[in-house]
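Which chain is which? The protein sequence lines are E and W, in order.
Each residue of the first sequence is one higher than the one before, starting from 5 at the first, in this note's numbering.
Each residue of the second sequence is one higher than the one before, starting from 4 at the first, in this note's numbering.
Every residue, glycine too, gets a C-beta built ideally from N, C-alpha and C.
Values in this document were obtained by computation on a predicted structure and should not be read as measured data.
Worksheet: the structure to be examined is printed underneath.
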Amino acid sequence: MAATQTRRQAILAAMVRVVGQKGYKETSVADVIAEANVSRTTFYKHFEDKHTCFLAAYEMLVEEVFGEVVAKCDGGAPWLARMTTGLTTLVDRFAVDPALARTAVVEVAAAGADARRLHWEAVARFTEYLDAGRELAGGRELPANISLMSAGAVSGLIFDELLAGRAAELPARLPDLLFAMLVPYVGPQVAAAEMRRAAQRH
Amino acid sequence: MQRLTPLFDDGRDFAPGGRSLPANTSRMAAGAVAGLVADELVAGRAEQLPGLLSDVLFATLVPYLGPDAAAREVGEEI
Chain E
5 MAATQTRRQA
15 ILAAMVRVVG
25 QKGYKETSVA
35 DVIAEANVSR
45 TTFYKHFEDK
55 HTCFLAAYEM
65 LVEEVFGEVV
75 AKCDGGAPWL
85 ARMTTGLTTL
95 VDRFAVDPAL
105 ARTAVVEVAA
115 AGADARRLHW
125 EAVARFTEYL
135 DAGRELAGGR
145 ELPANISLMS
155 AGAVSGLIFD
165 ELLAGRAAEL
175 PARLPDLLFA
185 MLVPYVGPQV
195 AAAEMRRAAQ
205 RH
Chain W
4 MQRLTPLFDD
14 GRDFAPGGRS
24 LPANTSRMAA
34 GAVAGLVADE
44 LVAGRAEQLP
54 GLLSDVLFAT
64 LVPYLGPDAA
74 AREVGEEI
């Protein structure tokens, strides 16, 4: 039983790596089983096809990476400190594992509607944490879905960097990402001041 | 999406200190709009997208003008 689970995990990890390197459309089951060092029979014992395997791999990735980031967003520290730590955790993880990052953010878009839904649900998990940014807004009324704007802006910047193959440069983009996260709540002047502070710390 | 961003960037002309905003501010605006749209589509509410116009306009303006001025513009336009 344990060996079966280990092989399944190996297949999922291989799927994440290969898709990140070759792209979803160019990845075949043969690529994945070669990377995982398992037989075709083993692959089909666990998964119906490439797509179902990718969805399972993506769910694993979300739990592993996004779960870690969300955990950093919890706790008793001030909101901005928690969000900065969460963002830093995410970009550092993506920077050291560009294949994983590309699978998580870029290639998922090529894997069909189910996969895109999983991706957006992962992004949307941050919105409940982002929404506490209202405390910085000085009591002004903001749109109900402002945390989606914040999450979308950050997500868009990360997507562009990864699409351009610049995963390693993501940590240097942290000031811009902070600006994107904050600006819907506090406007460009305050967000730019935070961005400059982050750049000095970095 | 990248084809839209140059249009958004004209917002710098209306922003106090607009030239000193981050170089990728337009991409942030576009990403915010994409986030709003994606959330509706994932929830199966494509037919309700036209009702999102005021939020889309706010998301486009806020990186340049800030939330107060963006809300005023939305109120005047819609």
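Beta-carbon neighbours of residue i, restricted to chain W and to distances below 7 Å
{"i": "residue 147 of chain E", "result": "58, 61"}
{"i": "residue 183 of chain E", "result": "25"}
{"i": "residue 152 of chain E", "result": "38, 39, 42"}
{"i": "residue 180 of chain E", "result": "25, 27"}
Reduced DSSP category for residue i - H, G, I as helix; E, B as strand; rest coil
{"i": "residue 28 of chain E", "result": "coil"}
{"i": "residue 43 of chain E", "result": "coil"}
{"i": "residue 5 of chain W", "result": "coil"}
{"i": "residue 52 of chain E", "result": "coil"}
{"i": "residue 145 of chain E", "result": "coil"}
{"i": "residue 25 of chain W", "result": "coil"}
{"i": "residue 110 of chain E", "result": "coil"}
{"i": "residue 169 of chain E", "result": "coil"}
{"i": "residue 11 of chain E", "result": "helix"}
{"i": "residue 101 of chain E", "result": "coil"}
{"i": "residue 130 of chain E", "result": "coil"}
{"i": "residue 82 of chain E", "result": "coil"}
{"i": "residue 18 of chain E", "result": "helix"}
{"i": "residue 15 of chain W", "result": "helix"}
{"i": "residue 47 of chain W", "result": "coil"}
{"i": "residue 116 of chain E", "result": "coil"}
{"i": "residue 38 of chain W", "result": "helix"}
{"i": "residue 20 of chain W", "result": "coil"}
Contacts of residue i in chain E (Cβ-Cβ under 9 Å)
{"i": "residue 9 of chain W", "result": "Ordered by position in chain E, no residue passes the 9 Å Cβ test against residue 9 of chain W, which lies about 14 Å from the chain."}
Residues that residue i contacts on chain E, provided the C-beta gap is smaller than 7 Å
{"i": "residue 30 of chain W", "result": "160, 161, 164"}
{"i": "residue 49 of chain W", "result": "Simply none; closest approach about 12 Å."}
Neighbouring residues, chain E, relative to residue i (Cβ below 8 Å)
{"i": "residue 71 of chain W", "result": "144, 191"}
{"i": "residue 52 of chain W", "result": "Those do not exist, as residue 52 of chain W stays about 13 Å from chain E at its closest Cβ, beyond 8 Å."}
{"i": "residue 34 of chain W", "result": "156, 157, 158, 159, 160, 161, 163, 184"}
Expected contact under 8 Å - CB spacing of residue i and residue j to nearest Å
{"i": "residue 39 of chain W", "j": "residue 58 of chain W", "result": "6 Å"}
{"i": "residue 70 of chain W", "j": "residue 146 of chain E", "result": "6 Å"}
{"i": "residue 188 of chain E", "j": "residue 65 of chain W", "result": "5 Å"}
{"i": "residue 36 of chain W", "j": "residue 62 of chain W", "result": "5 Å"}
{"i": "residue 134 of chain E", "j": "residue 42 of chain W", "result": "Not really, about 13 Å apart at Cβ, beyond 8 Å."}
{"i": "residue 185 of chain E", "j": "residue 154 of chain E", "result": "5 Å"}
Within chain W, the residues that residue i reaches when beta carbons sit closer than 8 Å
{"i": "residue 102 of chain E", "result": "Residues of chain W passing the Cβ test: none, with the nearest at roughly 20 Å."}
{"i": "residue 121 of chain E", "result": "45"}
{"i": "residue 141 of chain E", "result": "70"}
Neighbour list for residue i in chain W, Cβ cutoff strictly below 9 Å
{"i": "residue 124 of chain E", "result": "38, 41, 42, 44, 45"}
{"i": "residue 199 of chain E", "result": "25"}
Is it a yes or a no for the region 98-113 of chain E touching the region 165-183 of chain E, going by three-plus beta-carbon pairs under 8 Å? Yes: at least three Cβ pairs fall under 8 Å.
Note to self: Within 8 Å, do at least three Cβ pairs link the region 50-65 of chain E to the region 6-25 of chain E?
What the structure shows: Contact between the region 6-25 of chain E and the region 50-65 of chain E is present, because at least three Cβ pairs lie under 8 Å.
_Counting beta carbon pairs with one atom in the region 77-93 of chain E and one in the region 131-150 of chain E, are three or more of them shorter than 8 Å?_
Three or more Cβ pairs closer than 8 Å define a contact, and the region 131-150 of chain E meets that threshold against the region 77-93 of chain E.
inquiry  = Is it the case that the region 24-32 of chain W contacts the region 170-190 of chain E, given that we only count it when at least three CB pairs across the two stretches are under 8 Å?
reply    = Flag = yes, the region 170-190 of chain E and the region 24-32 of chain W touch.
Check whether the region 190-199 of chain E touches the region 6-13 of chain W, taking contact to mean three or more Cβ pairs, one atom from each stretch, closer than 8 Å.
Not touching, per the Cβ criterion.
Counting Cβ pairs closer than 8 Å, one from the region 72-81 of chain E and one from the region 124-139 of chain E, do we hit at least three?
By the Cβ criterion, the region 72-81 of chain E is in contact with the region 124-139 of chain E, since at least three pairs of Cβ atoms, one from each stretch, lie closer than 8 Å.
Touch test, the region 26-34 of chain E against the region 109-121 of chain E, Cβ-Cβ under 8 Å, three pairs minimum: Result yes; three or more Cβ-Cβ pairs closer than 8 Å.
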